[in-house]
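Asker:
Protein chains: 2
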Amino acid sequence: MDMPGRLLRLLSLLQSRREWSGRELADRLGVTERTVRRDVDRLRSLDYPVTGTTGTAGGYRLVSGTNLPPLQLDDDEAIAVALGLVGAAGGGVSGMADSSMSALAKLEQVMPARLRPQLAAVSSSAEAIPRPGVPQVSPGVLAVLARCCRNHEIVAFDYRGRARGATRRRVEPHQLLTLAWRWYLLAFDPGRDDWRIFRVDRISDVASALHRFTPRTLPAADAASYLVESFVSAQYRHSVHLTVQAPAATVSATFEGVVRGIVEPVDESSCVVRFSADTPAMLLTQVAAIAALGPFVVDHATPETAAFIGGVGARLTQAFVTQ
Amino acid sequence: MDMPGRLLRLLSLLQSRREWSGRELADRLGVTERTVRRDVDRLRSLDYPVTGTTGTAGGYRLVSGTNLPPLQLDDDEAIAVALGLVGAAGGGVSGMADSSMSALAKLEQVMPARLRPQLAAVSSSAEAIPRPGVPQVSPGVLAVLARCCRNHEIVAFDYRGRARGATRRRVEPHQLLTLAWRWYLLAFDPGRDDWRIFRVDRISDVASALHRFTPRTLPAADAASYLVESFVSAQYRHSVHLTVQAPAATVSATFEGVVRGIVEPVDESSCVVRFSADTPAMLLTQVAAIAALGPFVVDHATPETAAFIGGVGARLTQAFVTQ
DNA sequence: TCCCTTGCGGACAGATCTTGTCCGCAAGGC
DNA sequence: GCCTTGCGGACAAGATCTGTCCGCAAGGGA
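Given below as structure tokens:
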């Protein structure tokens, strides 16, 4: 890559992420850090406001609000567009299949000729299989929530809770998160004076209250880890605590990708696992997976849970042992 | 003015007016016409579509940019682009997080002004949480496979099977499919004279054999249903057949999102379910879910499966009933 | 307080690239 | 036919760029 191309690429890198370290940029661009510094200098001399901060958490960032030259997509970005739209067609957001495909077709038209075959190949030969049973969220709801997050506007919506009927909420939206095809809104609820996680598919009648709020600091490193921690430690109605005769690492590995559950080691060869869920049935899968690992003891379980899982166990035993 | 700065200036000049002659550009930039030609060439090599026309009314013009509204996406399509790229950042394809975000930032620039806030809102306030444990596939591999699918080119690659080590395959690729964050290649394997499904994350060293083939007709309605049917009906080592005292619809609903399993109604209130998997442990979750629904009878099970699930059942019963 | 990490910039040598000036060619309009 | 325009090869002088040194300043953590 020659120098002007590298400058354009540097600009696009700086634009795509808040902060980059010189080392990262040098790796991306395939040059030394010294050259990165020189390139940053060049951008500055071209009136692009690139700030650099020193220290351990230092790095470069492009302050927003400047008009950049029309940057072209590179190969990986074109592939990302195609894969993203193919994937978006697969589920999670209602009506996205058609929109994604038509957007892809239009994007293909404005792509540089070199990338067009790539895009066409992916869009014609890749297909997402929609997962049945994933709750669909409306793109309009997501759009409004996203706008309110960005503008720090109070947002109001009806929320169909797990048990109770729909209630009207007025919250300070913080971030939208997607995990395993589901969309979540992380927001601060002033009425309850606490952070809450809402499932976007249960949100309806969303509207901005047209009232700005000052963003609060999240009691976690970032929104993603807050969500994951909340899931892991959430206390629902029914819960089980088990002591398992297996190393904590083994048990944790069983639940890779499944977020609900806390595993704490007791000693080298045993650990304590805690689950909670709304219904005993939702606990069954995890408990069964534990039971498959080895012997375990129930430290605690709500009566309904114990009865339910015990009943399932009896049914399994009867069906398979007397076969 | 140095070369990179002049290139950016040239880009902005080309954006600002419909048509420029080489002479004008040379004057504006303070260089000779020969250098203008070279700069135009450089822009072209950077994928900027600059056209040049000869003759009296000749000149240079930039076909895309802010001149003509290049991307006439409607609201839903814009949201689809944003959501797709945010989602693509979340997993499945390695290195896509950065590419997706930078692509999104660049697309934002070429959007009509009306849509730009929408896109900016979604890209800044939505975030995908990567799922641990999802195998990563390389965008390059996907790109080659997609191209071979489209061009009907034989493709060769190393495949790490479930048990055996890597083997070199030469297949006729048919379609790429993504399901639950995993990518699959549906292809016809002439050596085995049958259709095969390959997991793309197990494919490496992929290369087109540069040899065209005539596409065969798939023994299914479409690729997606072929894949699902294959998963559902795949005969792995261990299998169970159950007759459940519950309507087929209820049982099917239990497995929403889980594809491995055939449900066939027997009558109004009962149905037959068949599962198969590589290990008895992989059958456990599904069988436990069935057991949670109601009474059932085991019609068939491999001995290991029966012993395994019976054992788990006994363990569950013992742990929860004697609590 | 010390130490590490990060950005910043000078100096220098060698390789690379750029530029201007030739030249001829092709294509379109008068 | 002639002019204008874009296109591109060749070449030499000169500028520029890069990598590798070096030391300095500033911020954050132990």
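Quick mapping for you: the protein sequence lines, in order, are chains A and B. So the first sequence is numbered by the numbering used here: it starts at 1 and just counts up by one. So the second sequence is numbered by the numbering used here: it starts at 1001 and just counts up by one. Note that beta-carbon positions come from the ideal geometry of N, C-alpha and C, so glycine has one too. No experiment lies behind these values; they were computed from the predicted model shown.
1) Classify D324/A as helix, strand or coil using the three-state DSSP reduction.
2) Hey, quick one: how far does the beta strand (DSSP E) through G1059/B stretch, first residue to last?
3) F1047/B by DSSP, collapsed to three states: which one?
4) Exposed or buried, which one is P139/A when buried takes at least 16 other CB atoms within 10 Å?
5) Determine the closest residue to V1244/B out of T1254/B, L1186/B, Q1235/B and Y1236/B, with distance taken between C-alpha atoms.
6) If you draw a straight line from the alpha carbon of S1233/B to that of I1262/B, how long is it in whole angstroms?
7) Excluding sequence positions up to five away, which residues of its chain have a Cβ less than 6 Å from the Cβ of L144/A?
8) I want to see whether chain A comes within less than 7 Å of A1156/B, judged by CB atoms only; does it?
9) Have a look at R199/A and L1014/B and give me their C-alpha separation to the nearest angstrom.
10) On the criterion of 16 or more Cβ atoms from any shown chain inside 10 Å, does L210/A qualify as buried, or is it exposed?
11) So with Cβ pairs under 7 Å, would you call N1067/B a contact of chain A?
12) Give the residues of chain A in contact with G1059/B, contact being defined as C-beta atoms less than 8 Å apart.
13) Given A78/A, which residues of its chain have a CB within under 6 Å of its CB, disregarding the five upstream and five downstream residues?
14) So with Cβ pairs under 7 Å, would you call M330/A a contact of chain B?
15) Between V997/B and chain A, is any beta-carbon pair separated by less than 7 Å?
16) Could you please give me the residues that DSSP links to Q1175/B through a beta bridge?
17) Where does R1006/B land, buried or exposed, given buried means 16+ other C-beta within 10 angstroms?
18) Using 8 Å for Cβ pairs, my map puts A329/A next to R170/A. What's the rounded Cβ distance?
19) Are the region 1082–1090 of chain B and the region 1099–1115 of chain B in contact at 8 Å, needing three or more beta carbon pairs?
20) Do we get a CB-CB distance below 7 Å when we pair M1282/B with the residues of chain A?
21) Taking Cβ positions, are F296/A and L242/A nearer each other than 7 Å?
22) At least one CB of chain A closer than 7 Å to the CB of P1219/B: is that the case?
23) For R1150/B, is the classification buried or exposed, using 16 other Cβ atoms within 10 angstroms of its Cβ as the cut-off for buried?
24) Is there a Cβ of chain B sitting closer than 7 Å to that of M3/A, yes or no?
25) Going by DSSP, what residue range makes up the alpha helix (DSSP H) through I1309/B?
26) When you compare only the Cα positions, how much space is there between A1249/B and A1292/B?
27) From the DSSP output, which residues share a beta bridge with L1242/B?
28) Under 8 Å: do the region 127–141 of chain A and the region 1174–1189 of chain B share three or more Cβ pairs, one atom per stretch?
29) At a Cβ threshold of 7 Å, is F231/A touching chain B?
30) If we count the other Cβ atoms within 10 Å of its Cβ and call it buried at 16 or more, is T1214/B buried or exposed?
31) Residues bridged to A1207/B by DSSP?
32) Tell me which residues share the same chain as S124/A and place their Cβ nearer than 7 Å to its Cβ, disregarding the 5 neighbours each side in the sequence.
33) Contact defined as beta carbons within less than 8 Å: I believe W1181/B pairs with G1092/B. What is the distance between those atoms, to the nearest angstrom?
34) Look at the Cβ atom of A1105/B, then the Cβ atom of S16/A, and state whether they are nearer than 7 Å.
35) To the nearest angstrom, report how far apart T66/A and V122/A are at their CA atoms.
36) Based on the DSSP output, what are the partners of G52/A in its beta bridges?
Answerer: Once the coordinates are examined:
1) Past the boundaries of the shown model lies residue 324/A; chain A is included only from 1 to 323, so the question cannot be answered.
2) It spans G1059 to L1062 - the beta strand (DSSP E) in which G1059/B sits, taken as one unbroken run.
3) Checking the sequence shown, residue 1047/B turns out to be Asp, not Phe. Residue state, collapsed to three classes: coil.
4) Counting other Cβ atoms within 10 Å of its Cβ, P139/A reaches 16 or more and is therefore classed as buried.
5) Looking at the Cα atoms, T1254/B is the closest of the given residues.
6) Whole-angstrom Cα-Cα distance: 7 Å.
7) The amino acid occupying residue 144/A in the given sequence is Val; Leu does not appear at that position. Contacts found: V206.
8) No, because no Cβ of chain A sits closer than 7 Å to the Cβ of A1156/B.
9) Those two C-alpha atoms are separated by around 47 Å.
10) Counting C-beta atoms within 10 angstroms of its own C-beta, L210/A has fewer than 16 neighbours from the protein chains shown and is therefore classed as exposed.
11) With a pLDDT of only 42 at N1067/B, under 50, the local geometry of the prediction cannot be trusted, and the value read off the model is given with reservation. It does not: the Cβ of N1067/B has no partner Cβ on chain A nearer than 7 Å.
12) Within chain A, no residue has its CB atom less than 8 Å from the CB of G1059/B, the nearest being about 19 Å off.
13) Closer than 6 Å at the Cβ level, and outside the excluded window around A78/A, lie L115, Q118 and L119.
14) With chain A covering only 1 through 323, there is no way to say anything about residue 330/A.
15) Nothing about residue 997/B can be read from this structure; chain B reaches only from 1001 to 1323.
16) Under DSSP, the beta-bridge partners assigned to Q1175/B are L1186/B.
17) Classification for R1006/B: buried.
18) Since the first and last residues shown for chain A are 1 and 323, residue 329/A lies out of range.
19) Inter-segment contact for the region 1082–1090 of chain B and the region 1099–1115 of chain B is present: three or more beta-carbon pairs are separated by less than 8 Å.
20) Not flagged as an interface residue toward chain A: M1282/B, since no C-beta distance is shorter than 7 Å.
21) In contact: F296/A and L242/A (Cβ atoms closer than 7 Å).
22) It does not: the Cβ of P1219/B has no partner Cβ on chain A nearer than 7 Å.
23) Buried: at least 16 other Cβ atoms inside 10 Å.
24) Put simply, the CB of M3/A is near chain B, with a gap under 7 Å to one of its CB atoms.
25) For I1309/B, the uninterrupted alpha helix (DSSP H) run begins and ends at P1303 to V1321, by DSSP.
26) Going from the Cα of A1249/B to the Cα of A1292/B covers about 15 Å.
27) Beta-bridge annotation (DSSP): L1242/B is paired with V1273/B and V1298/B.
28) Look at the beta carbons and you see the region 127–141 of chain A touching the region 1174–1189 of chain B: at least three pairs across the two are nearer than 8 Å.
29) False, the Cβ-Cβ gap to chain B never drops below 7 Å.
30) By the 10 Å Cβ count, T1214/B comes out exposed.
31) According to DSSP, which records beta bridges pairwise, A1207/B is partnered with A1156/B.
32) Scanning its chain for C-beta atoms nearer than 7 Å, with the 5 sequence neighbours on each side dropped, one finds no residue around S124/A.
33) Going by Cβ atoms, the distance from W1181/B to G1092/B rounds to 5 Å, so yes, they are a contact pair.
34) Yes, the Cβ-Cβ distance between A1105/B and S16/A is below 7 Å.
35) Note on geometry: alpha-carbon atoms of T66/A and V122/A lie some 33 Å from one another.
36) Y60/A.
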